[in-house]
Every structure is written in C-alpha cells, then in structure tokens.
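> Sharing a structure below in structure tokens format, with a few things to ask.
There are 2 protein chains.
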Amino acid sequence: MYDAEVPKLWSETIEAHRHEVRDAILDSAAGLAAENGLLSVTMSQIAGRAGIGRATLYKYFPDVQAVVLAWHDRQIAAHLTRLAEARDHADGAEARLVAVLETYALVLRRRGRHHRQPHGAELAAFVHRDPRVAQAERQVHDLLRDLLTDAAAAGAVRADVPPDELAAYCAAALSAAADVPGDDAARRLAGLVLAGLRA
Amino acid sequence: MYDAEVPKLWSETIEAHRHEVRDAILDSAAGLAAENGLLSVTMSQIAGRAGIGRATLYKYFPDVQAVVLAWHDRQIAAHLTRLAEARDHADGAEARLVAVLETYALVLRRRGRHHRQPHGAELAAFVHRDPRVAQAERQVHDLLRDLLTDAAAAGAVRADVPPDELAAYCAAALSAAADVPGDDAARRLAGLVLAGLRA
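Residue numbers (UniProt numbering), protein chains in the order written: chain A, 1 to 199; chain B, 1 to 199.
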C-alpha cells in the first residue's frame with residue numbers, strides 16, 4: 001500500500017510542477033506581448049520572466065507563436081469554464097440564463113479591455129486566426145441556445161422566435177460589452193438583452 | 001435667357017454622363033472582385049465590363065484598389081441614405097426608431113450575404129481597412145443615439161440606461177442580421193432589439 005502510493009504522489013507532484021511552469025510561461029508571454037508587441041517577444045525574454053532556463057522553455061514550446069496560441073487556448077478554456085460554472089451554480093432555467101448572460105458580458109468586457117492595451121489589437125489579430133476561436137463561439141452559441149430552449153419551455157422567455165435566433169441575438173448584443181466603461185454597464189447590457197428575450 | 005441656359009443644360013448632361021460611367025465602373029469592379037477575387041481583377045477587365053476604353057477608365061481611377069474603395073464608399077453612403085430616409089419617412093419618435101432598426105437589420109443582412117460570396121470575405125477584409133468604415137459606424141451610432149434620446153423623452157423606450165449604451169446595444173445586436181436566413185428573421189431580430197429597449 002505504502003509502496004504503491006509513493007510513485008503516485010511523486011507523479012502528481014511532477015504533474016503539478018509542470019502545470020505551474022507552463023502557466024508561468026503563458027503568463028510571461030502574454031505580459032510581454034501586451035507590453036512590447038507580439039513581434040518583439042523572444043524566447044529568451046519569456047524564459048527570463050518565467051524564471052526558467054531557455055533549454056527548459058524549449059522542452060515546453062517550439063517558438064513564441066506556439067506559446068501565445070497556448071496562452072489564448074487557456075483564456076478560451078477559462079472563459080468557457082466560467083460560463084459553465086455560472087450556469088451550474090444557478091437554480092432554474094431563468095436564473096441559469098440570467099447568470100450566463102451576466103457572466104458572458106463581464107468576460108467580454110474584460111477581453112475588450114485587454115484588446116485596448118497598447119499592443120492588444122495586434123495580439124488579438126494574431127490569436128483570432130486560431131480555429132479555436134470559431135469553435136469556442138460555436139460552443140457559447142450552443143450553451144445559450146440550450147439555456148434559451150429550457151427558459152422558453154419554462155415560460156421565462158419568448159417562444160415565438162427560434163432558440164437559435166435568440167442565441168445569435170444574445171451573443172451579438174453582448175459583444176457590445178467589449179467597449180462599455182465598467183462592470184455596471186456590462187450588467188445593464190445583460191439586462192437589455194434579457195428584456196429583449198421576454199415574451 | 002436662352003443663351004444662358006444652354007451651357008447649364010450642357011454641363012448637367014456631361015455631369016450626368018460622368019456619373020453614369022463612374023457607376024458602371026464601380027459595379028463592374030465589385031462584380032469582378034466578388035466573382036474572381038480582388039487580387040485577380042485588372043483595369044482592362046473593369047474597362048471591358050463597363051463598356052469603356054482603358055484610357056477612359058484611367059481618367060477616373062488610377063488603379064483597381066482605388067475603384068474598389070470608391071465602390072465601397074458608395075455602398076456606405078447608400079446605406080446611410082437608406083437609414084436617413086427610413087427615419088424621415090416615419091412620423092413620431094417611436095415610429096422613426098422602429099423604421100431605422102428594421103432598415104438597418106435589412107441592410108446588414110444584405111451586406112452579410114455579400115460577405116458570404118466565394119470571394120466576399122477577401123473583399124470585406126480589404127475594404128474594412130478603409131477609415132470610412134469606422135466613420136460610418138460612428139454616424140450610425142449617433143443616428144441611433146439621437147433617435148433613442150427622442151424616444152426616451154417620448155416615453156417609448158427606457159430612460160434608465162444612457163442613450164449611448166442603448167445605441168451600442170442596438171448596433172451590436174443588429175450585427176447578428178449578417179447571418180440570418182431571410183428578411184423575416186432580420187425583422188424578428190429588430191423586434192427583439194426593440195423589446196430590449198422598452199421601459
């Protein structure tokens with residue numbers, strides 16, 4: 001029993017360490033890209049800021065672009081997780097829809113602020129060629145459509161417009177959150193969207 | 001009197017002719033770009049389809065890019081004119097707002113269909129670097145904000161959200177019209193947006 005567990009704990013420790021190093025690499029690359037522009041970031045700079053050697057960095061990623069795409073994939077995954085958690089922590093079809101709309105508005109506002117950093121637009125233009133972006137938009141659309149189908153069945157939103165059209169309306173309208181001045185305005189926007197969905 | 005009018009009519013005729021030739025050039029360029037891709041369009045092809053000589057074409061435009069940008073400027077101007085006409089043909093603050101939201105949804109649906117042509121995305125990527133695009137978006141925003149301010153004063157839309165935020169919500173939500181399957185769906189979208197604006 002003891003003999004069997006040591007290797008497991010050891011491998012978990014290694015896995016956790018690798019995960020931490022990887023996170024530090026992604027954070028360093030994103031920070032450097034936002035500060036100095038994507039084209040000026042080097043592997044040496046990333047290793048330096050992450051506190052590892054260049055040789056170690058190359059064991060994780062082949063080049064700067066791969067690091068930045070991995071950072072962006074992590075951002076997308078984190079946003080999808082936030083939406084799923086918002087849904088799962090609410091009770092009832094209407095509350096789940098409200099929670100997801102608000103959370104998505106806040107996520108898009110934060111992303112919009114990131115894009116408005118000095119080199120944010122350049123970074124955004126690079127990562128948005130990533131096929132993961134279209135895939136994530138599809139996932140958000142499907143999440144919204146399922147919530148809207150449930151909410152329509154519960155009488156909380158209108159049933160006279162197909163759920164796919166309602167979901168497209170929600171996603172498009174919430175994109176305005178990228179430019180709102182604060183979290184309160186993002187929540188007001190979610191309120192407008194919700195009012196549009198009412199029967 | 002007669003002597004004075006002849007030159008005026010003559011100059012008007014020339015002006016009308018120049019306008020017609022210019023329109024034919026723009027239509028030809030846009031058609032060729034949509035069919036074969038922007039990069040493959042030549043000045044000779046444009047002249048041929050417009051039914052004029054190459055030398056005449058060069059009196060109007062120096063190169064293909066200039067023709068395509070002029071075509072896009074004409075598109076933008078036509079869209080802004082349609083919105084202004086929709087506003088001016090309706091009576092009362094609420095009717096004006098409804099007319100402009102519906103018209104904008106239909107304009108964006110048509111533009112979206114154009115973008116989905118085989119070479120539409122390439123053409124869109126080129127013309128959207130035109131500073132006129134951001135300027136036109138600002139004009140639409142201001143048009144919507146003024147209508148919303150009047151409609152809020154008339155009690156037709158909510159007054160608890162600043163008109164600038166309402167206008168941003170409208171423009172963002174209506175952008176979903178680019179992908180709707182038909183004009184009916186575009187009008188349903190305008191209806192959702194309007195419902196969100198209600199007090």
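A virtual CB, placed ideally from N, CA and C, is assigned to each residue, including glycine.
Here the structure is a predicted model, which is why all the values come from computation and not from measurement.
Any Cβ of chain A within less than 7 angstroms of the Cβ of residue 189 of chain B?
By this cut-off, residue 189 of chain B is an interface position.
> Just tell me which of A:43, A:104 and A:111 has its CA closest to the CA of residue 60 of chain A.
A:43
> List the residues of chain A whose Cβ lies closer than 7 angstroms to the Cβ of residue 196 of chain B, in chain order.
192, 193, 195 and 196, listed in chain order.
> Are the CB atoms of residue 106 of chain A and residue 172 of chain A nearer to each other than 7 angstroms?
no
> Is the beta carbon of residue 99 of chain B less than 7 angstroms from the beta carbon of residue 156 of chain B?
no
> Hey, how far is the Cα of residue 70 of chain B from the Cα of residue 24 of chain B?
Cα to Cα, the separation comes out at about 12 angstroms.
> Comparing the C-beta of residue 121 of chain A with each C-beta of chain B, is any distance below 7 angstroms?
No, no contact with chain B.
> What is the DSSP secondary structure of residue 19 of chain B, counted as helix, strand or coil?
Looking at residue 19 of chain B - three-state DSSP - the assignment turns out to be helix.
> Please classify residue 45 of chain B: does DSSP put it in a helix, a strand, or coil?
Correct three-state label for residue 45 of chain B: helix.
> Of all the residues that make up the stretch 82-102 of chain A, which are near chain B by a beta-carbon distance shorter than 9 angstroms?
none
> For a cutoff of 7 angstroms on Cβ pairs, would you count residue 169 of chain A as touching chain B?
yes
> Flag residue 160 of chain B as yes when its Cβ comes closer than 6 angstroms to any non-hydrogen atom of the ligand NAD, and as no otherwise.
What this structure holds is no ligand at all, so the ligand NAD is not there to describe.
> Listed from N- to C-terminal order along the chain, which residues in the stretch 137-162 of chain B have their beta-carbon within a distance smaller than 9 angstroms of any beta-carbon of chain A?
Against chain A - using a Cβ distance shorter than 9 angstroms - the residues of the stretch 137-162 of chain B are 158, 160, 161 and 162.
> Quick check on the DSSP output: the alpha helix (DSSP H) that includes residue 109 of chain B runs from which residue to which?
93-115
> What first and last residue would you give for the alpha helix (DSSP H) that runs through residue 146 of chain B?
131-153
> Excluding the 5 residues preceding and the 5 following residue 102 of chain B in the sequence, name in chain order all residues of the same chain whose CB lies nearer than 7 angstroms to its CB.
187 and 190
> Have a look at residue 165 of chain A and residue 133 of chain A and give me their C-alpha separation to the nearest angstrom.
20 angstroms
> Going by beta carbon distance, what residues of the same chain come within less than 7 angstroms of residue 175 of chain A, once the five residues before and after it are set aside?
If we look at residue 175 of chain A and ignore the five residues flanking it on each side, its Cβ neighbours are 108.
> I want to verify the contact list: residues of chain A whose CB lies under 9 angstroms from the CB of residue 105 of chain B, in sequence order.
Here the premise fails: no neighbours, minimum Cβ distance about 11 angstroms.
> For chain A, is any of its Cβ atoms less than 7 angstroms away from the one on residue 176 of chain B?
It does; some Cβ of chain A falls within 7 angstroms.
> Check each candidate in B:161, B:179 and B:140 and name the one with the smallest Cα separation from residue 169 of chain A.
For residue 169 of chain A, the nearest C-alpha among the options comes from B:179.
> Under DSSP, the alpha helix (DSSP H) around residue 123 of chain B begins and ends at which residues?
It spans 120-127 - the alpha helix (DSSP H) in which residue 123 of chain B sits, taken as one unbroken run.
> Let me confirm a value: residue 1 of chain A is counted as buried when at least 16 other C-beta atoms fall within 10 Å, else exposed. Which label applies?
Since pLDDT at residue 1 of chain A reaches only 47, below the 50 mark, its modelled position is unreliable, and the value read off the structure follows with that caveat. The residue is exposed, with fewer than 16 neighbouring Cβ atoms inside 10 Å.
> Against chain B, with Cβ distances strictly below 7 angstroms, would residue 172 of chain A count as a contact?
Residue 172 of chain A counts as touching chain B.
> How is the alpha helix (DSSP H) around residue 87 of chain A delimited, first residue to last?
64-88
> Compute the beta-carbon to beta-carbon distance between residue 96 of chain A and residue 148 of chain A, rounded to the nearest angstrom, for a pair I have assumed lies under 8 angstroms.
The pair is not a contact, with the Cβ atoms about 10 angstroms apart (cut-off 8 angstroms).
> Can you grab the Cα-Cα spacing for the pair residue 49 of chain A / residue 144 of chain B, in whole Å?
One Cα belongs to residue 49 of chain A, the other to residue 144 of chain B, and the distance between them is close to 47 angstroms.
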